[in-house]
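Colleague:
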Amino acid sequence: MDLNLLAERLIPGEYPSLETFEKRYPLRDLPVGAQVTRLAPSPTGFIHLGNLFVAIANERIAHQSGGKLYLRIEDTDLKRKVEGAVEAVIAALKYFDIRFDEGAEIGGDETYAPWYQRQRAEIYRAYAKDLIRRGRAYPCFCTEEELSALRDEQMKQKQVTGYYGAYAKCRDLSEQEIFAALDAGKPFVIRLRSMGDASRKHTFRDEIKGEVTVPENDQDVVILKSDGIPTYHFAHAVDDHLMRTTLVIRGEEWLASLPIHLELFDVLGFPRPKYGHNCSLMKMDGGSKRKLSKRKDPELSLSFYRQEGYHPYAVKVYMLTLLNSDFEEWHRKFPEKKPEEFPFRLSKMSKSGALFDLDKLNDISKEELSARSPEEMLAFLKEWAFAFGAQKEQAYFADEAYLLQVLSLCMGVGGKKRRKDFVTAKQALAEIGYFFGGYVQKDAYRVDNAVRDAVLDGFLATYSAADDSQTWFSKVKAVAASLGFAAEMRDYKADPSAYKGSVADVAEVLRIAVTGRANSPDLWSIMHIFGEERTRARIAEARNRR
RNA sequence: GGCCUUGUGGUCAAGAGGUUAAGACGGCGCCCUCUCACGGCGCAAUCCCGGGUUCGAUUCCCGGCAAGGUCACCA
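All residue numbers in the first sequence are consecutive under this note's numbering, ending with 551.
#1: With Gly358 and Ser285 assumed to form a contact (beta carbons below 8 Å), what rounded beta-carbon distance in angstroms separates them?
#2: Please report the residue range of the beta strand (DSSP E) in which Met287 lies.
#3: Since His533 is in the alpha helix (DSSP H), which residue starts that stretch and which ends it?
#4: Note down, one range per segment and in chain order, each beta strand (DSSP E) of at least 3 residues found wholly within the segment 174-204.
#5: Using only CA atoms, which one of Arg14, Tyr280, Ser370, Lys431 lies nearest to Gly394?
#6: To the nearest angstrom, report how far apart Glu27 and Tyr117 are at their CA atoms.
#7: Which of helix, strand or coil does DSSP assign to Leu103?
#8: With a floor of 4 residues, list each alpha helix (DSSP H) that falls wholly inside the segment 328-359, ordered by position along the chain.
#9: Can you tell me whether Asp211 is helix, strand or coil according to DSSP?
#10: List the DSSP bridge partners of Arg43.
#11: If you pair each beta-carbon of the segment 308-324 with each one of the segment 67-81, do three or more pairs fall below 8 Å?
#12: Check whether the Cβ atoms of Thr25 and Val87 lie closer than 9 Å to each other.
#13: Quick one: which unbroken beta strand (DSSP E) runs of 3-plus residues sit fully inside the segment 254-305? Chain order, please.
#14: According to DSSP, is Ser375 helix, strand or coil?
#15: Can you tell me which of the three DSSP states Ala48 falls into?
#16: From the DSSP output, which residues share a beta bridge with Tyr121?
#17: Would you check if the distance between the CB atom of Cys147 and the CB atom of Leu155 is smaller than 9 Å?
#18: Excluding five sequence neighbours on each side, which residues of the same chain lie with their C-beta closer than 6 Å to the C-beta of Met248?
#19: Give me, in chain order, the residues of the same chain whose beta-carbon lies closer than 7 Å to that of Pro192; leave out the 5 immediate sequence neighbours on both sides.
#20: Quick check on Thr520: does DSSP put it in helix, strand or coil?
#21: What are the start and end residues of the beta strand (DSSP E) that includes Ile228?
#22: How big is the Cα-Cα spacing for Glu314 and Trp389?
#23: DSSP state of His246, grouped into three classes?
#24: Output needed for Val428: all residues of its chain with C-beta closer than 6 Å, excluding positions within five of it in sequence on either side, in chain order.
#25: Is there contact between the segment 237-245 and the segment 259-272, where contact requires at least three CB pairs shorter than 8 Å?
#26: Among Asp7, Glu182, His246, Asp157, which residue has its Cα nearest to the Cα of Pro31?
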């Protein structure tokens, strides 16, 4: 068979020589040990926590080693394309502090452009044509129906499914058969002519999983689809070689196709990159674990965390603790150090899939938020409120000096220990709602109205905004005592039956009257922030409520 | 079903041939206390199962089992 003729017929036209590409995309001039990693999403625009997880690993390894992180768009499947998706992905990752050095819509070094695979069609075809000339790729005219019938038959016979060995019908088509089919205008794909034997296994060193046993590939996989666009496998080999990727970190769902990639790199004469397959983030679904899915878990979309008002840094810290479990301890020990200073290692990554734990994220969020200054907190809340909040909440920012007072109190600034009341921006704004606008009673009084009114009257009778905290509390105690409540908790605990209740119950009445809730930060401070007029008004209002 | 990977409390996990098997989250209890939050102290809870090697195995080996992944002209 004249392979040159075949190649010309299958992929007609002049293509640059392969050396041209080698020169156009030269080896990168980077220090020894520097790793070039990449993120290669398809442009669906949807990106979830699992993607962030991999992204952080890629980013850390690249930048920690003095290398590069780039963004490539895998748009070989038209069905997946969504308008504006690339910008959305970049924005989402940027929010969580993932910075690319180059890539689609990033700017920066354009040496390795274009970054959209559709724009690289010429390159893939040139390599495919070379493979055909060398007899390592061939056209396949099988229809989808034939292929699925083959698959069914293989399943029935309990054979390994796929296009390989004796099942690869088009593999040994004669020259006449091929040209006849071509003349008939039959659509075709280009398949790799695999030289592997699946019964032969060898060990492969994965940067995350360690030693992995993999069989040789024996599948004649499609490398060019009938529209002349490459499949993932082929594009991966060509792009990661030409873009000079040194380390491919990707989800473990790719491990199964690693043999294909290995054969592709070999047959193309490319040195293999290093690989690290990380386990996917899991979610509990019914009684069993499963990996995060974009279709089933929209609530785990990155935009979800943003909308809920999780602080991006908290999310990052959580991801990092899942990525390298000693990060948590390190971070606790050196809270002022940036995550960039942490010695991140692929080898410290878990080999089994971690279940996403919202409780843990919430705990970390509280921790991180409580470590901010009130000013930082205000800025964070403000950004969220004007992006996702209600008008009512945006109004909180009309008087920032007042808001700052509120935040300082709710964060326990100045006290011995910071309070940890805030989990997200959304929750925090809801939490401080009683400092703004009208009164809303959330919690019910545990005493009857007569007692409530007696407490409120008693308090109002001696209340002065000029009192310091101590004086204020002694007055509350006096009210308690006058109504048959224990002024000292100690006394009450010693003999609960001797009292109607304790000073705690009296304070609760005041607290609900002023804030609408049974729980709040220090009541005296709240009244202090409110000022005398507003405090008295609230209490009077509560007094008259039925 | 074939192939690959992984099995340490409810969750994330450290760990080593001999340990009282770290720590964190969550749960529970106590203390602190005007409530909550914070903080402190404490409790419950784990080495998938069966063989083998060994003086000794949760750790090494084999076999089960379970879970996850994957078997496209999707990535």
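Note that beta-carbon positions come from the ideal geometry of N, C-alpha and C, so glycine has one too.
Modeller: Inspection of the coordinates gives the following:
#1: If you number the first sequence from 1, residue 358 lands on position 353. If you number the first sequence from 1, residue 285 lands on position 280. That pair is a contact at about 5 Å.
#2: For the purposes of this step, residue 287 is identified with residue 282 of the first sequence, where counting begins at 1. In the DSSP assignment, Met287 falls within the unbroken beta strand (DSSP E) covering 287-290.
#3: Counting from 1 along the first sequence, the entry for residue 533 is found at position 528. It spans 528-535 - the alpha helix (DSSP H) in which His533 sits, taken as one unbroken run.
#4: 194-197
#5: Along the first sequence, one-based indexing puts residue 394 at 389. Closest by alpha carbon: Lys431.
#6: In the first sequence, the residue the question calls residue 27 occupies position 22. In the first sequence, the residue the question calls residue 117 occupies position 112. A direct Cα-to-Cα measurement between Glu27 and Tyr117 gives close to 11 Å.
#7: Counting from one through the first sequence, the residue named residue 103 turns up at place 98. Here residue 103 turns out to be Ile, not Leu, going by the sequence shown. Residue state, collapsed to three classes: coil.
#8: Taking only runs of at least 4 residues, the alpha helix (DSSP H) segments lying wholly in the segment 328-359 are 332-338.
#9: Reading the first sequence from its first residue, position 206 is the one you call residue 211. The answer is strand: DSSP assigns Asp211 an E or B state.
#10: On the first sequence, residue 43 is found 38 positions in, with the first residue counted as 1. The partner list for Arg43 (beta bridge, DSSP) reads Tyr75.
#11: no
#12: For the purposes of this step, residue 25 is identified with residue 20 of the first sequence, where counting begins at 1. For the purposes of this step, residue 87 is identified with residue 82 of the first sequence, where counting begins at 1. Their beta carbons are not under 9 Å apart, which means Thr25 does not touch Val87 by this criterion.
#13: 279-283, 287-290, 293-296
#14: Position 370 of the first sequence, counting from 1, holds the residue named residue 375. Helix, per DSSP.
#15: As a first step, residue 48 is located in the first sequence; it is residue number 43 there, counting from the start. What sits at residue 48 in the sequence shown is Pro, not Ala. In this structure, Pro48 counts as coil in the three-state DSSP scheme.
#16: By one-based count along the first sequence, residue 121 stands at place 116. DSSP lists Ile78 as partners of Tyr121.
#17: If you number the first sequence from 1, residue 147 lands on position 142. If you number the first sequence from 1, residue 155 lands on position 150. Closer than 9 Å, so yes.
#18: In the first sequence, residue 248 corresponds to position 243, counting from 1. Contacts found: Tyr117.
#19: As a position in the first sequence, residue 192 is number 187, starting the count at 1. Taken in chain order, the residues that qualify are Ser231.
#20: Against the first sequence, residue 520 aligns to sequence position 515. Of the three classes helix, strand and coil, the one that applies to Thr520 here is helix, per DSSP.
#21: One-based indexing of the first sequence puts residue 228 at position 223. Counting along the chain, the beta strand (DSSP E) containing Ile228 begins and ends at 227-229.
#22: Looking up residue 314 in the first sequence gives position 309. Looking up residue 389 in the first sequence gives position 384. One detail in the question is off: residue 314 reads as Gly in this sequence, not Glu. The straight-line gap from Cα to Cα measures roughly 6 Å.
#23: As a first step, residue 246 is located in the first sequence; it is residue number 241 there, counting from the start. Note: His246 maps to helix in three-state DSSP.
#24: Numbered from 1 along the first sequence, position 423 holds the residue referred to as residue 428. Within the same chain, Val428 has close Cβ partners Asn367, Ser370, Lys371.
#25: yes
#26: Start at 1 with the first residue of the first sequence, and residue 31 comes out as number 26. Of Asp7, Glu182, His246, Asp157, the residue nearest in Cα terms is His246.
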